[in-house]
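Visitor: Take a look at the following structure, please.
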Amino acid sequence: MKKLKLLSAIFLLAVIASCSKNSVKPNTPGKKDSTTTTGVTVNGGPGVYAVGHDASKVNPGNLSRFATLWKNGKAYRLSDGNFNATGNSVYADDKDVYVAGFETNSAGIKVAKLWVNGVGTNLTDGKYEAVASSVFVYNGKVYVAGYEVSDYDASGGFYKSVARLWINKVASTLNGGALASSVYIYKNDVYVTGSTYEANAVIWKNGVLTALNGSGAQDYPPTSIFVAQDHVYVTGQGYPTGSLDAKWFLKLDSVGKAYLKTGNFINGSYVYGFPYHIAVVWKDGKADNPVIGDNYQALTYASAVFVSGGDVYIAGGNQIGVATLWKNGVNTDLTAYTSPSLAYSVYVNGSDVYVSGMGTNANGKRVATIWKNGVATNIGSSDNDASTPGQIGGGVANSVFVVQ
Numbered sequence: 084m085k086k087l088k089l090l091s092a093i094f095l096l097a098v099i100a101s102c103s104k105n106s107v108k109p110n111t112p113g114k115k116d117s118t119t120t121t122g123v124t125v126n127g128g129p130g131v132y133a134v135g136h137d138a139s140k141v142n143p144g145n146l147s148r149f150a151t152l153w154k155n156g157k158a159y160r161l162s163d164g165n166f167n168a169t170g171n172s173v174y175a176d177d178k179d180v181y182v183a184g185f186e187t188n189s190a191g192i193k194v195a196k197l198w199v200n201g202v203g204t205n206l207t208d209g210k211y212e213a214v215a216s217s218v219f220v221y222n223g224k225v226y227v228a229g230y231e232v233s234d235y236d237a238s239g240g241f242y243k244s245v246a247r248l249w250i251n252k253v254a255s256t257l258n259g260g261a262l263a264s265s266v267y268i269y270k271n272d273v274y275v276t277g278s279t280y281e282a283n284a285v286i287w288k289n290g291v292l293t294a295l296n297g298s299g300a301q302d303y304p305p306t307s308i309f310v311a312q313d314h315v316y317v318t319g320q321g322y323p324t325g326s327l328d329a330k331w332f333l334k335l336d337s338v339g340k341a342y343l344k345t346g347n348f349i350n351g352s353y354v355y356g357f358p359y360h361i362a363v364v365w366k367d368g369k370a371d372n373p374v375i376g377d378n379y380q381a382l383t384y385a386s387a388v389f390v391s392g393g394d395v396y397i398a399g400g401n402q403i404g405v406a407t408l409w410k411n412g413v414n415t416d417l418t419a420y421t422s423p424s425l426a427y428s429v430y431v432n433g434s435d436v437y438v439s440g441m442g443t444n445a446n447g448k449r450v451a452t453i454w455k456n457g458v459a460t461n462i463g464s465s466d467n468d469a470s471t472p473g474q475i476g477g478g479v480a481n482s483v484f485v486v487q
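Numbering (my numbering), first residue to last: 84 to 487.
The following block contains the structure:
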């Protein structure tokens, strides 16, 4: 499970410090529809969809994570809060809306789950941990990618997982896979990206495994896959190849309180000794460093990719908590260092660019947020600021999808 823990760690590192930056305006919370509906069928059709979770108190002493679907800013709770749950991916069409995610059971084990129009179905039996990471619908078939823990490796001392692809809720195992993070269908071909125990970043095309290469010593599973004009794009994290010079160092202005030095990220009296990982985009199985533009910075992450009209959009950010959108290698910060944020998903509809993730509202709470053309709208609510050690974090929108 080492690789699975690393996947979670990528995003936990993203809000490490809050710094000031004069050249970027703080995120201004937008208006939101505060109505939340639970247990009501949600149909597809035109609109902006997002999924993730809100963290709310089910009683004065119990903070719970509710799997939540937002349609045009209105929240629909997919879970009742008795057990923690989240939605990881959303796909919608004219009639239906599909959500992939997980919900923990009474034993505290994550169960992979698919919600269709608000009605949930367990994809696994709950004996071992399992998560549904991505959903895609094509020609009447529903594809879900994720992972399931299969057994305990006594020699290695850890639980071993397998990469799963569910088609219409029937599970299959991807050859050699430990994790499947994203699925995409293009011209009847099924593309899945994930990792194996031998290679940290791979693609399965119709079940045939190919390892990604060229990004240095990768140590993180990839995060998303997109296919356009016969080209395959995959996002993830890797290490820079060659010597580390000034361009790999995180650039902050004179009032910044955090900096990178000799492999350690220093914020006040705290020193974090994590590596120089950088956002990586593989195109047709190959990656260059730097991949996103010439002004590359160390300690960045890439969460999602979308290609439209020949332009490549990447959602991600850096590890001091600044959500970022790259377009053809040019980065735009979506918030300031004073407003910690995360970007997890991107969707382009015509001239409009939507990014979903986590932002900070006027009360300092971490809430699900959608940026449309760079303007933030806080769609979620949260009873926690995500900075209290040992507590459930605030709300987040893990995925965004638009039906015209």
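Positions of the beta carbon are idealized from the N, C-alpha and C atoms, including for glycine.
#1: Less than 8 angstroms separating the beta-carbons of Gly-442 and Ala-419?
#2: Inspect the beta-carbon positions of Leu-161 and Gly-201 and report whether they are closer than 8 angstroms.
#3: For the beta strand (DSSP E) that contains Gly-319, what are its first and last residues?
#4: Is the beta carbon of Gly-184 sitting closer than 8 angstroms to the one on Thr-204?
#5: According to DSSP, is Lys-193 part of a helix, a strand, or is it coil?
#6: Could you give the first and the last residue of the continuous beta strand (DSSP E) run that contains Phe-389?
#7: Classify Ala-228: buried if its beta carbon has 16 or more other beta carbons within 10 angstroms, exposed otherwise.
#8: Could I get the ranges of all uninterrupted alpha helix (DSSP H) runs contained in the stretch 421-474, with 4 residues as the minimum, in chain order?
#9: Across which residues does DSSP place Glu-186 in a beta bridge pair?
#10: Keeping to the same chain, check which residues put their C-beta closer than 6 angstroms to that of Thr-256; ignore five residues upstream and five downstream.
#11: What's the gap between the Cα of Val-173 and the Cα of Trp-153?
#12: Look up Gly-223 in the DSSP assignment and say whether it is helix, strand or coil.
#13: Give a yes or no on whether the C-beta atoms belonging to Leu-248 and Tyr-226 are separated by under 8 angstroms.
#14: If you draw a straight line from the alpha carbon of Val-493 to that of Val-363, how long is it in whole angstroms?
#15: Rounded C-beta distance between Ser-482 and Ser-439? I'm assuming under 8 angstroms.
#16: Evaluate Gly-321 with the Cβ neighbour count: other Cβ atoms within 10 Å of its Cβ, from every protein chain shown; 16 or more gives buried, anything less gives exposed.
#17: Kindly indicate which three-state DSSP category Glu-231 falls into: helix, strand or coil?
#18: Please name the residue or residues paired with Thr-418 in a DSSP beta bridge.
#19: Among Tyr-181, Tyr-132, Tyr-430, Thr-415, which residue has its Cα nearest to the Cα of Asn-251?
#20: Could you tell me whether the Cβ atoms of Val-388 and Tyr-396 are closer together than 8 angstroms?
#21: Output needed for Tyr-235: all residues of its chain with C-beta closer than 8 angstroms, excluding positions within five of it in sequence on either side, in chain order.
#22: Under three-state DSSP, which class holds Val-125?
#23: Could you spell out the range, first to last residue, of the beta strand (DSSP E) harbouring Gly-399?
#24: Along the chain, where does the beta strand (DSSP E) that runs through Asp-272 open and close?
#25: Hey, Ala-263 and Tyr-230 are a contact pair by Cβ (cut 8 angstroms); roughly how many whole angstroms apart?
#26: Report buried or exposed for Ser-189, applying the criterion of at least 16 other Cβ atoms within 10 angstroms of its Cβ.
Guide: The relevant details are as follows:
#1: No.
#2: Inclusion of Leu-161 and Gly-201 in the CB contact set at 8 angstroms is warranted, their separation being smaller than that value.
#3: For Gly-319, the enclosing beta strand (DSSP E) stretches over residues 314-321.
#4: Inclusion of Gly-184 and Thr-204 in the CB contact set at 8 angstroms is not warranted, their separation being larger than that value.
#5: Of the three classes helix, strand and coil, the one that applies to Lys-193 here is strand, per DSSP.
#6: According to the DSSP assignment, Phe-389 belongs to the beta strand (DSSP E) that extends over 383-391.
#7: That one is buried.
#8: With a minimum length of 4 residues, no continuous alpha helix (DSSP H) run stays inside the stretch 421-474.
#9: Paired residues: Ala-168, Val-194.
#10: Closer than 6 angstroms at the Cβ level, and outside the excluded window around Thr-256, lie Val-245.
#11: Distance between the alpha carbons of Val-173 and Trp-153 is about 10 angstroms.
#12: Secondary structure at Gly-223: coil, using DSSP grouped into helix, strand and coil.
#13: Cβ atoms of Leu-248 and Tyr-226: closer than 8 angstroms.
#14: For the chain, the structure presents residues 84 to 487; residue 493 sits outside this window and is missing.
#15: Their Cβ separation, rounded to whole angstroms, is 6 angstroms, which keeps Ser-482 and Ser-439 in contact under 8 angstroms.
#16: A residue is called buried when at least 16 other Cβ atoms come within 10 angstroms of its Cβ; Gly-321 meets this threshold and is buried.
#17: Glu-231: strand per DSSP, three-state reduction.
#18: Paired residue(s): none; Thr-418 is not in a bridge.
#19: Comparing Cα positions, the closest option is Tyr-181.
#20: A distance below 8 angstroms separates the beta carbons of Val-388 and Tyr-396.
#21: Answer for Tyr-235: Phe-241, Tyr-242, Lys-243, listed in chain order.
#22: In this structure, Val-125 counts as coil in the three-state DSSP scheme.
#23: Run containing Gly-399: 394-401, per the beta strand (DSSP E) assignment.
#24: Taken as a continuous stretch (DSSP letters only), the beta strand (DSSP E) holding Asp-272 covers 272-279.
#25: The Cβ separation is near 6 angstroms, so the contact holds.
#26: Answer is exposed; the Cβ neighbour count stays below 16.
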